[in-house]
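Single-structure report; data block below.
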Amino acid sequence: MNEIHRMEVVNKIFIIYRYTEIVLLLAGLGLFFYFKQGAAKTFWVEPGMPLAIEAAVSLSADYFAEKRAGIYTTQYKAFVVTFLF
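Below you can see the structure in the form of structure tokens.
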């Protein structure tokens with residue numbers, strides 16, 4: 129597998145990561161706010177906020193990683209075209 133093909137696969141996987149992290153962020157916020165009022169179900173409040181925080185941190189980190197991967201892929205394609213052909 130060459131580098132261009134590998135990076136195209138990585139760039140497609142970032143899309144899956146993005147939507148997964150958005151779903152986890154919304155699920156965490158939903159757990160936190162939905163069960164915050166009921167004293168009998170406070171168990172679900174505790175994993176809700178850490179899940180939302182972790183998803184937000186991962187989403188922001190993957191945002192910058194996706195941008196870097198896109199730049200790298202574009203520059204690598206230009207390098208291959210310029211110097212190898």
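Per the numbering used here, residue 129 is the first one in the sequence shown, and the count goes up by one each step.
Positions of the beta carbon are idealized from the N, C-alpha and C atoms, including for glycine.
Environment of residue i [buried if 16+ CB atoms lie within 10 Å]
i: Phe207; result: exposed
i: Ala168; result: exposed
i: Leu159; result: buried
CA nearest to the CA of residue i, picked from the options
i: Trp172; options: Gly156, Leu187 and Glu182; result: Gly156
i: Arg146; options: Ile181, Asn130, Ala189 and Thr170; result: Ala189
i: Lys140; options: Thr201, Val209, Glu182 and Gly176; result: Thr201
i: Phe161; options: Gln203, Leu179 and Tyr204; result: Leu179
i: Val137; options: Thr170, Glu194 and Glu182; result: Glu194
Extent of the continuous alpha helix (DSSP H) to which residue i belongs
i: Asn139; result: Glu131 to Phe163
i: Thr170; result: Segment: none, Thr170 is in no alpha helix (DSSP H) and carries neither H nor E.
Cα-Cα separation between residue i and residue j, rounded to whole angstroms
i: Ile199; j: Ser186; result: 20 angstroms
i: Ala184; j: Ile150; result: 8 angstroms
Any non-hydrogen atom of the ligand SAH within 7 angstroms of residue i CB
i: Gly158; result: Ligands in the displayed structure: none, and consequently the ligand SAH is not present.
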